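Engineer: If you count the sequence shown from 1, you need to add 225 to reach our numbering.
To start, I am sharing the structure in question, which I have written as structure tokens.
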Amino acid sequence: MRSLLALALLATLAFACAAALAAAPAAAQAREPRAVLAFLPEGGDDNPKPILDRLDERRSLAIGLVSATQGRFSPSQMVLDLSAGSRTSLAVYTPQEPPRLELVLGGDGTGFVFGWSKALTRAETPPAEIVPGLLAGALPGGAAYAGVAGRTHIEAVVAADREGDVAEISLGTAVTLAERTTALLADHRLVVVGLPTADKGNAALDELLRQRADGDLVIVVQTPPAVRVPILLPIGVAGLHGDGMLTSTTTRLPGIVAAIDIPVTILRHAGLEVPAGVRGTPVRAAAGARDAAALKDVEARLRVVSGRRTPALAALGFVWLSLVLALGLIADRRGIRAGLRIGGLAFLWVPPVLLLTGWLAPSRLAEIAIVVVGAFGLAALTDRFVRWPRGPLVPATASIVTYCVDLAFGSPLIIRSLLGVNPRSGSRFYGLGNELEATLTAILLVGLGALLWGCPRSRRNAAIVAAVGAVFAVFVGAAQLGADVGGVITLGAGIAAAMVVMLPGRPSRRTLLMAVSVPLLGLVALALLDLASGGDAHFTRTILQADSPGALWDVVTRRYTLAFNVFSLGAMPLITAVALLGSAYAIRYRERIYAPLGDSPSWRAALIGGLAASVVGALTNDSGPLLLVFGVFVLACATAYIRGDPRLANAEPAARA
Numbered sequence: 226m227r228s229l230l231a232l233a234l235l236a237t238l239a240f241a242c243a244a245a246l247a248a249a250p251a252a253a254q255a256r257e258p259r260a261v262l263a264f265l266p267e268g269g270d271d272n273p274k275p276i277l278d279r280l281d282e283r284r285s286l287a288i289g290l291v292s293a294t295q296g297r298f299s300p301s302q303m304v305l306d307l308s309a310g311s312r313t314s315l316a317v318y319t320p321q322e323p324p325r326l327e328l329v330l331g332g333d334g335t336g337f338v339f340g341w342s343k344a345l346t347r348a349e350t351p352p353a354e355i356v357p358g359l360l361a362g363a364l365p366g367g368a369a370y371a372g373v374a375g376r377t378h379i380e381a382v383v384a385a386d387r388e389g390d391v392a393e394i395s396l397g398t399a400v401t402l403a404e405r406t407t408a409l410l411a412d413h414r415l416v417v418v419g420l421p422t423a424d425k426g427n428a429a430l431d432e433l434l435r436q437r438a439d440g441d442l443v444i445v446v447q448t449p450p451a452v453r454v455p456i457l458l459p460i461g462v463a464g465l466h467g468d469g470m471l472t473s474t475t476t477r478l479p480g481i482v483a484a485i486d487i488p489v490t491i492l493r494h495a496g497l498e499v500p501a502g503v504r505g506t507p508v509r510a511a512a513g514a515r516d517a518a519a520l521k522d523v524e525a526r527l528r529v530v531s532g533r534r535t536p537a538l539a540a541l542g543f544v545w546l547s548l549v550l551a552l553g554l555i556a557d558r559r560g561i562r563a564g565l566r567i568g569g570l571a572f573l574w575v576p577p578v579l580l581l582t583g584w585l586a587p588s589r590l591a592e593i594a595i596v597v598v599g600a601f602g603l604a605a606l607t608d609r610f611v612r613w614p615r616g617p618l619v620p621a622t623a624s625i626v627t628y629c630v631d632l633a634f635g636s637p638l639i640i641r642s643l644l645g646v647n648p649r650s651g652s653r654f655y656g657l658g659n660e661l662e663a664t665l666t667a668i669l670l671v672g673l674g675a676l677l678w679g680c681p682r683s684r685r686n687a688a689i690v691a692a693v694g695a696v697f698a699v700f701v702g703a704a705q706l707g708a709d710v711g712g713v714i715t716l717g718a719g720i721a722a723a724m725v726v727m728l729p730g731r732p733s734r735r736t737l738l739m740a741v742s743v744p745l746l747g748l749v750a751l752a753l754l755d756l757a758s759g760g761d762a763h764f765t766r767t768i769l770q771a772d773s774p775g776a777l778w779d780v781v782t783r784r785y786t787l788a789f790n791v792f793s794l795g796a797m798p799l800i801t802a803v804a805l806l807g808s809a810y811a812i813r814y815r816e817r818i819y820a821p822l823g824d825s826p827s828w829r830a831a832l833i834g835g836l837a838a839s840v841v842g843a844l845t846n847d848s849g850p851l852l853l854v855f856g857v858f859v860l861a862c863a864t865a866y867i868r869g870d871p872r873l874a875n876a877e878p879a880a881r882a
């Protein structure tokens, strides 16, 4: 009996041991995924190697560049944006600059961020939902911070919750940093790490990657530098099941992500619900080989494009004036009119030429030379072989076709061109920016005016205008292409006005009502297209999926606040006034100015449609007067071409006789 009892006890013990052993792997598998967000500072003189190269050397990391802030860069604003998972332009904050933020240690291993209350108060001022601390607040138990004693800890702000508290802090030597981080991960789903500089930073990063558990995420970003201009910072991620180039739906660019994509990535990886105020989309490692050299090339190009816009425009204007004077000196009024025609066409040729220089990425002087020589050379050829007034049809066709093709391939040349969107600013990463939106809309309408020259007002010709506008609107507004909601409104207004002019007879109230509704119908069509294609664009996330009417109102308010800020910059009030006065002058004396066209409904439709698009675009976009200025400038170039009618030059000697 006793032997049977002993055997039963032994069997029970063996079963318990087997169950425990079987449960051990299951328990290990049940461990929630963790994330480390590490900040790696530049090495300085001790280690001058660029951080992107240092990340590229660690093959477990997928690499890329991250758009740090929206608009002007601020280190404090970057970490606040990361903690909130959302961002907006510094221009809409009051005050614009964030407060001084400093990590303060508590007596129980916790801490808080000094200046947090001021940051919360400031975050309530912009017309946008910005909640500092939303990331850590969404994590059970909050986030922890590990750093090196004796250094500044600006990156610790990312670990603060909505009250500005950091759940646990560990400061010590660089040698123990990885070990301390691993210990913090036992109790916290996210640990923010401030890596040391130079070789110590490399060693600590290597140890973090070596100790990374399966299923955990390690994100490495350059520590926010002390600069003011918009910037792209190197980033590397381990744990995304790929070691290629990083990307996200926010940017749709290989190798480039947005800072607000990082909080979403952490929360999704941890299997946690993403709060409504957190924007961005998850970072993923795209298929294909990594290419640090290509990232450097893109960053170098984006760094210089903004500074070359004004010199290129000034050079074009100087050459145009010189050409008019030189040809006038040679052939008097006939030469002046030729100069007006060629100059007007040259500016219409600028957009496609800028795609060429975006691809070539030449030096500053070479780029300006290519733009000037290319635009004026193509204009001279167009004027020589295309009869007036059909000349604008050639550069308009070239502009629309080349930009549509580039949009279809993901805007690789547009973002590198002088008029393209710049991912460094963090406002838009692909598609058409506001400058191109106004410019291409006006160029399209001018091209339609030249195409339909000599055609009467008819429903058929109005339908041609509508059809061309609808096709271009798909490229401008579709989430997978241009993703420019404002562009659909701007283009819709211009096309609607041109259609009204091209329709026969006096426009009825019904016709005018339908014309006014065209931009709204365009938005509805865009929404349906985005939903059907799963585009997940900014329009879908912020408008169609808005949490409340208040969120929509915030979008409207923010756009007009930014528009007013643009209007207040530098000489913009004066330039806007000149554009308005020039438009008013052209309207009042239209019979004399546009007399060479005679009774041409197509050109009248183009000019009226272009002006309508410029005005409506200025009233509905966050760049406000910028769209008016660019649109009116294109119309001014078209007007110069019209006034260059060669028939007037031939008739003047006879008139004087």
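Don't be surprised by glycine CBs; every beta carbon is placed ideally from N, CA and C.
Keep in mind that this is a model prediction, so the values were computed, not measured.
Pick from Arg-566, Leu-538 and Gly-532: whose alpha carbon is nearest that of Leu-548?
Structural biologist: As a working mapping, residue 548 is identified with position 323 in the sequence shown. Residue Arg-566 is the option with its Cα nearest to Leu-548.
Engineer: Would DSSP call Val-452 helix, strand or coil?
Structural biologist: Residue mapping note: residue 452 aligns to position 227 of the sequence shown, counting from 1. Under the three-state reduction of DSSP output, Val-452 falls in the coil class, being neither helix nor strand.
Engineer: Report the option in Gly-651, Phe-858 and Gln-705 whose CA atom is closest to the CA atom of Leu-457.
Structural biologist: Counting from one through the sequence shown, the residue named residue 457 turns up at place 232. Across the set Gly-651, Phe-858 and Gln-705, the C-alpha of Gly-651 shows the shortest separation from the C-alpha of Leu-457.
Engineer: Per the DSSP calculation, Leu-402 is bridged to which residue(s)?
Structural biologist: In the sequence shown, the residue the question calls residue 402 occupies position 177. Looking at the DSSP assignment, Leu-402 forms no beta bridge with any residue, so it has no partner.
Engineer: Gln-254 to Leu-364, Cα distance in whole Å?
Structural biologist: For the purposes of this step, residue 254 is identified with residue 29 of the sequence shown, where counting begins at 1. For the purposes of this step, residue 364 is identified with residue 139 of the sequence shown, where counting begins at 1. Below a pLDDT of 50, predicted positions are generally treated as unreliable, and Gln-254, at 46, falls in that range; the measurement from the model is reported next regardless. Taking the straight line from one Cα to the other gives about 20 Å.
Engineer: Rounded to the nearest angstrom, what separates Gly-564 and Gly-869 at their Cα positions?
Structural biologist: Counting from one through the sequence shown, the residue named residue 564 turns up at place 339. Counting from one through the sequence shown, the residue named residue 869 turns up at place 644. Answer to the nearest angstrom: the Cα atoms are 8 Å apart.
Engineer: Below 8 Å on the Cβ atoms is my guess for Thr-474 versus Gly-480; work out the distance and round it to an integer in Å.
Structural biologist: Taking the first residue of the sequence shown as 1, we reach residue 474 at position 249. Taking the first residue of the sequence shown as 1, we reach residue 480 at position 255. 15 Å between Cβ atoms; not a contact.
Engineer: Here's a check: name, in chain order, each residue in its chain whose Cβ is nearer than 8 Å to the Cβ of Leu-246, leaving out the five neighbours to either side.
Structural biologist: On the sequence shown, residue 246 is found 21 positions in, with the first residue counted as 1. In this predicted model, Leu-246 has a pLDDT of only 41, less than 50, meaning its place in the structure is not dependable enough to derive any value.
Engineer: Can you say whether Ala-294 is buried or exposed, counting buried as having 16 or more other CB atoms within 10 angstroms of its CB?
Structural biologist: Position 69 of the sequence shown holds residue 294. A small correction: the amino acid at residue 294 is Thr; Ala does not occupy that position in the sequence shown. It counts as buried.
Engineer: So for Ser-395, helix, strand or coil by DSSP?
Structural biologist: Here residue 395 refers to the residue found at position 170 of the sequence shown. Three-state DSSP puts Ser-395 in a strand.
Engineer: Can you find a heavy atom of the ligand MG that lies under 7 Å from the Cβ of Leu-794?
Structural biologist: Annotation note on the ligand MG: not contained in the displayed structure, which lists no ligands.
Engineer: Does the contact criterion of 3 or more C-beta pairs under 8 Å hold for the stretch 319 to 335 versus the stretch 373 to 382?
Structural biologist: Because the criterion of three Cβ pairs below 8 Å is met, the stretch 319 to 335 and the stretch 373 to 382 touch.
Engineer: Is it true that the CB of Leu-554 sits closer than 8 Å to the CB of Asp-952?
Structural biologist: Residue 952 lies beyond the residue range present for the chain, which begins at 226 and ends at 882; the question has no answer from this structure.
Engineer: Could you spell out where the beta strand (DSSP E) holding Ile-800 opens and where it closes?
Structural biologist: For the purposes of this step, residue 800 is taken as the residue at position 575 of the sequence shown. Segment 797 to 813 is the alpha helix (DSSP H) holding Ile-800; no beta strand (DSSP E) there.
Engineer: Any idea what DSSP makes of Ile-444, helix, strand or coil?
Structural biologist: Locating residue 444 in the sequence shown gives position 219, where the first residue counts as 1. Strand.
Engineer: Less than 8 Å between the beta carbons of Pro-421 and Val-391, yes or no?
Structural biologist: Residue mapping note: residue 421 aligns to position 196 of the sequence shown, counting from 1. Residue mapping note: residue 391 aligns to position 166 of the sequence shown, counting from 1. Cβ atoms of Pro-421 and Val-391: not closer than 8 Å.
Engineer: Can you have a look at Leu-836 and say buried or exposed, based on whether 16 or more other CB atoms are within 10 angstroms of its CB?
Structural biologist: In the sequence shown, residue 836 corresponds to position 611, counting from 1. By the neighbour-count rule (16 or more Cβ atoms within 10 Å), Leu-836 is buried.
Engineer: Quick check on Cys-862: does DSSP put it in helix, strand or coil?
Structural biologist: Counting from one through the sequence shown, the residue named residue 862 turns up at place 637. Helix at Cys-862.
Engineer: If you draw a straight line from the C-alpha of Trp-884 to the C-alpha of Arg-829, how long is it?
Structural biologist: What is shown of the chain runs 226 to 882, which leaves residue 884 out entirely.
Engineer: Alpha carbon to alpha carbon, how far is Gln-770 from Val-690?
Structural biologist: By 1-based counting over the sequence shown, the position of residue 770 is 545. By 1-based counting over the sequence shown, the position of residue 690 is 465. Its pLDDT being 49, under 50, Gln-770 is placed unreliably by the model, and the measurement read from it follows with that caveat. Straight-line Cα distance between these residues: approximately 33 Å.
Engineer: Tell me which residues share the same chain as Leu-408 and place their Cβ nearer than 8 Å to its Cβ, disregarding the 5 neighbours each side in the sequence.
Structural biologist: On the sequence shown, position 183 is the one that residue 408 refers to. Looking at the sequence itself, residue 408 is Ala, so the reference to Leu does not match. Answer for Ala-408: Ser-395, listed in chain order.
Engineer: Expressed to the nearest angstrom, what Euclidean distance is found between the alpha-carbon atoms of Phe-654 and Gly-583?
Structural biologist: Here residue 654 is taken as the residue at index 429 of the sequence shown, counted from 1. Here residue 583 is taken as the residue at index 358 of the sequence shown, counted from 1. Phe-654 and Gly-583 have their C-alpha atoms roughly 15 Å apart.
Engineer: With 16 other CB atoms within 10 Å as the buried threshold, where does Pro-250 fall?
Structural biologist: Locating residue 250 in the sequence shown gives position 25, where the first residue counts as 1. Low per-residue confidence applies at Pro-250: pLDDT is 43, beneath 50, and the placement is therefore not dependable, though the value from the model is reported in the following sentence. Label assigned to Pro-250: exposed.
Engineer: At the level of alpha carbons, what is the spacing between Arg-283 and Glu-498?
Structural biologist: For this step, residue 283 is matched to residue 58 along the sequence shown. For this step, residue 498 is matched to residue 273 along the sequence shown. Rounded to whole angstroms, Arg-283 to Glu-498 spans 31 Å at the Cα level.
Engineer: I need the straight-line Cα distance from Phe-697 to Leu-657, nearest angstrom please.
Structural biologist: Working through the sequence shown from its first residue, we reach residue 697 at position 472. Working through the sequence shown from its first residue, we reach residue 657 at position 432. Each residue's alpha carbon lies about 12 Å from the other.
Engineer: In whole angstroms, what separates the C-alpha of Glu-660 from that of Ser-642?
Structural biologist: Here residue 660 is taken as the residue at index 435 of the sequence shown, counted from 1. Here residue 642 is taken as the residue at index 417 of the sequence shown, counted from 1. When rounded, the distance between both Cα atoms is 12 Å.
Engineer: Can you look up Ala-249 in the DSSP assignment and give me helix, strand or coil?
Structural biologist: As a working mapping, residue 249 is identified with position 24 in the sequence shown. At Ala-249 the pLDDT is 43, less than 50, meaning the model places this residue with poor confidence; the figure from the coordinates comes in the next sentence. The answer is helix: DSSP assigns Ala-249 an H, G or I state.
Engineer: Evaluate Ala-692 with the Cβ neighbour count: other Cβ atoms within 10 Å of its Cβ, from every protein chain shown; 16 or more gives buried, anything less gives exposed.
Structural biologist: As a first step, residue 692 is located in the sequence shown; it is residue number 467 there, counting from the start. Burial call: exposed.
Engineer: Comparing alpha-carbon positions, which option in Ala-820, Val-841, Pro-732 and Gly-795 lies nearest Leu-745?
Structural biologist: Start at 1 with the first residue of the sequence shown, and residue 745 comes out as number 520. If we check each option's Cα against that of Leu-745, Val-841 comes out closest.
Engineer: What does the Cβ neighbour count give for Ala-882, buried or exposed, with the cut at 16 atoms within 10 Å?
Structural biologist: Position 657 of the sequence shown, counted from the first residue, corresponds to residue 882. Model confidence at Ala-882 stands at a pLDDT of 45, short of 50, so the residue's coordinates are unreliable and nothing is read from them.
Engineer: What residues in its chain sit with their C-beta under 6 Å from that of Val-356, if we drop five residues either side in the sequence?
Structural biologist: Locating residue 356 in the sequence shown gives position 131, where the first residue counts as 1. Excluding residues within five positions, the ones whose Cβ falls inside 6 Å are Ala-309 and Gly-502.
Engineer: Once the 5 residues before and after Leu-410 are set aside, which same chain residues still bring their CB inside 6 Å of it?
Structural biologist: Here residue 410 is taken as the residue at index 185 of the sequence shown, counted from 1. Excluding its 5 nearest sequence neighbours in each direction, Leu-410 has C-beta neighbours in its own chain below 6 Å: Arg-259 and Val-416, listed in chain order.
Engineer: Cα separation between Gly-602 and Val-857?
Structural biologist: Translated into the one-based positions of the sequence shown, residue 602 becomes position 377. Translated into the one-based positions of the sequence shown, residue 857 becomes position 632. Rounded to whole angstroms, Gly-602 to Val-857 spans 24 Å at the Cα level.
Engineer: Please report how far the alpha carbon of Leu-673 lies from the alpha carbon of Pro-352, in whole angstroms.
Structural biologist: Within the sequence shown, numbered from 1, the residue matching residue 673 stands at position 448. Within the sequence shown, numbered from 1, the residue matching residue 352 stands at position 127. Distance from the CA atom of Leu-673 to the CA atom of Pro-352, rounded to whole angstroms, is 39 Å.
Engineer: Could you tell me if Phe-610 is buried or exposed, where buried requires 16 or more neighbouring beta carbons within 10 angstroms of its beta carbon?
Structural biologist: Residue mapping note: residue 610 aligns to position 385 of the sequence shown, counting from 1. With fewer than 16 Cβ atoms within 10 Å of its Cβ, Phe-610 is classed as exposed.
Engineer: For Ala-451, which of Ala-428, Arg-405, Arg-435 and Thr-377 has the nearest alpha-carbon?
Structural biologist: For the purposes of this step, residue 451 is identified with residue 226 of the sequence shown, where counting begins at 1. Taking Ala-451 as reference, the option from Ala-428, Arg-405, Arg-435 and Thr-377 with the minimal CA-CA separation is Thr-377.
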